[in-house]
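**Student:** Shown below is the structure under consideration.
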Amino acid sequence: METHTPFPPLVAQKLEIFEQLQPEFEQLFLFAEQVQGQQRFATLTVADVVRYLHALWMEECRTSLLSISKTVKEYAGQRCLDLLQHWQINGDTASVVDFLTHKLDMLSLVEITRRMQEARTQQGENGPVQRLVHGQRVMLNRSMNLLLMLDAIFSLSPQELTKSVHAACQRYGHLPEQIEQQRAAMQSPLYAYMPHQILAERNILLMNTLGRQITSHDLANTNEELQNE
Numbered sequence: 001m002e003t004h005t006p007f008p009p010l011v012a013q014k015l016e017i018f019e020q021l022q023p024e025f026e027q028l029f030l031f032a033e034q035v036q037g038q039q040r041f042a043t044l045t046v047a048d049v050v051r052y053l054h055a056l057w058m059e060e061c062r063t064s065l066l067s068i069s070k071t072v073k074e075y076a077g078q079r080c081l082d083l084l085q086h087w088q089i090n091g092d093t094a095s096v097v098d099f100l101t102h103k104l105d106m107l108s109l110v111e112i113t114r115r116m117q118e119a120r121t122q123q124g125e126n127g128p129v130q131r132l133v134h135g136q137r138v139m140l141n142r143s144m145n146l147l148l149m150l151d152a153i154f155s156l157s158p159q160e161l162t163k164s165v166h167a168a169c170q171r172y173g174h175l176p177e178q179i180e181q182q183r184a185a186m187q188s189p190l191y192a193y194m195p196h197q198i199l200a201e202r203n204i205l206l207m208n209t210l211g212r213q214i215t216s217h218d219l220a221n222t223n224e225e226l227q228n229e
């Protein structure tokens, strides 16, 4: 008769908490991917900037709860908490602008365009060229989304901006006192690194599902672009 070894109580607690967060995490993960180039938005608001920072925070929660090795990929969740806190308390918009610029405007359109030209000359319109075309579109979308976010921030007076940031932080649960609680929670055993097969399996299943959704969305956008040509 097959027996199942129960996994440690802390692993069970990690799974339980993540299951509560998972529906929101999935929505936020897809939103962050869209902001980072999978979609070009028609408009973005200050609330969307806060939502993007919140999404990166939720990504770090996933990393910690499912004990994903941070040597694989680093996330900026706790940095986002700092940004949201100082944005509300000190009106520090410059640090938010610097962070967004670093996240969304890191790559060179010149270099990828040069590589596309070389690939077309050598191989025609084949697989490598199409991958470069996709990469170029993602990079351009990122840049356009960044400009929309910056325009939303810069178009408001300091008083209006403070009001919008506060309202969005209240909506997403990042008022200053909540941020202090979130920092403290990250120091608890629940968010400590404790790798386990069941956690790894949950993460793989989740990210494979989200990956398929992103691929399907990107394919739909590509087909729409071809139909409009």
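Take the sequence shown: its letter number 126 is residue 126 in the UniProt record's numbering, and every next letter is one higher. We treat Cβ as the ideally placed atom computed from N, Cα and C, and that holds for glycine.
1) When DSSP labels each residue in this structure, what does residue 70 get in the three-state scheme?
2) Using a threshold of 8 Å, state whether the C-beta atoms of residue 156 and residue 164 are closer than that.
3) Our contact map puts residue 78 next to residue 59 with C-beta atoms below 8 Å; I'd like the distance itself, whole angstroms only.
4) In this structure, how does DSSP classify residue 90 when only helix, strand and coil are distinguished?
5) Please classify residue 65: does DSSP put it in a helix, a strand, or coil?
6) Count the other C-beta atoms from every protein chain shown that fall within 10 angstroms of the C-beta of residue 171, then say buried if there are 16 or more, exposed otherwise.
7) What's the C-alpha gap between residue 101 and residue 7?
8) I'd like to know if the stretch 49-69 and the stretch 21-31 are in contact, where contact means that at least 3 CB-CB pairs between them fall below 8 Å.
9) Quick one, are the C-beta atoms of residue 97 and residue 153 less than 8 Å apart?
10) Quick one: is residue 110 buried, meaning 16 or more other Cβ sit within 10 Å of its Cβ, or exposed?
11) In the DSSP assignment, find the alpha helix (DSSP H) that holds residue 171 and state where it starts and stops.
12) I'd like the list of long-range same chain contacts for residue 46, defined as Cβ closer than 8 Å, with 5 residues on each side in sequence excluded.
13) Would you mind working out which of 147, 68, 49 and 40 sits nearest residue 198, comparing C-alpha positions?
14) Residue 83 and residue 179: beta carbons closer than 8 Å?
15) Please name the residue, chosen from 205, 121 and 41, that lies closest to residue 66 on a Cα-to-Cα basis.
**Tutor:** For this structure:
1) Residue numbering aside, residue 70 sits at position 70 when the sequence shown is read from its first letter. In this structure, residue 70 counts as coil in the three-state DSSP scheme.
2) Along the sequence shown, read from residue 1 onward, the residue named residue 156 stands at position 156. Along the sequence shown, read from residue 1 onward, the residue named residue 164 stands at position 164. Inclusion of residue 156 and residue 164 in the CB contact set at 8 Å is warranted, their separation being smaller than that value.
3) For the purposes of this step, residue 78 is taken as residue 78 along the sequence shown, with counting starting at 1. For the purposes of this step, residue 59 is taken as residue 59 along the sequence shown, with counting starting at 1. Not quite, the Cβ-Cβ distance comes to about 11 Å (not below 8 Å), so this is no contact.
4) Within the sequence shown, the letter at position 90 stands for residue 90. The three-state secondary structure of residue 90, taken from DSSP, is coil.
5) For this step, residue 65 is matched to residue 65 along the sequence shown. Note: residue 65 maps to helix in three-state DSSP.
6) Counting from 1 along the sequence shown, the entry for residue 171 is found at position 171. Exposed is the call here.
7) Counting from 1 along the sequence shown, the entry for residue 101 is found at position 101. Counting from 1 along the sequence shown, the entry for residue 7 is found at position 7. Residue 101 and residue 7: Cα-Cα distance of roughly 43 Å.
8) Proximity of the stretch 49-69 to the stretch 21-31 meets the contact definition, three or more beta-carbon pairs being nearer than 8 Å.
9) Within the sequence shown, the letter at position 97 stands for residue 97. Within the sequence shown, the letter at position 153 stands for residue 153. Against a cut-off of 8 Å, the Cβ pair of residue 153 and residue 97 comes out as a contact.
10) Stepping through the sequence shown from its first residue, residue 110 is reached at position 110. Taking every protein chain shown into account, the CB of residue 110 has fewer than 16 other CB atoms within 10 angstroms, so this residue is exposed.
11) Position 171 of the sequence shown, counted from the start, is the residue given in the question as residue 171. Taken as a continuous stretch (DSSP letters only), the alpha helix (DSSP H) holding residue 171 covers 158-172.
12) Translated into positions along the sequence shown, residue 46 becomes position 46. Take residue 46, set aside five residues on each side of it, and the residues of its chain with a beta-carbon closer than 8 Å to its own are 152, 153, 156, 161, 164, 165 and 168, in chain order.
13) Position 198 of the sequence shown, counted from the start, is the residue given in the question as residue 198. The residue with the shortest Cα to Cα distance from residue 198 is 68.
14) Here residue 83 is taken as the residue at index 83 of the sequence shown, counted from 1. Here residue 179 is taken as the residue at index 179 of the sequence shown, counted from 1. No, they are not a contact pair.
15) In the sequence shown, residue 66 corresponds to position 66, counting from 1. Among 205, 121 and 41, the Cα nearest to that of residue 66 belongs to 205.
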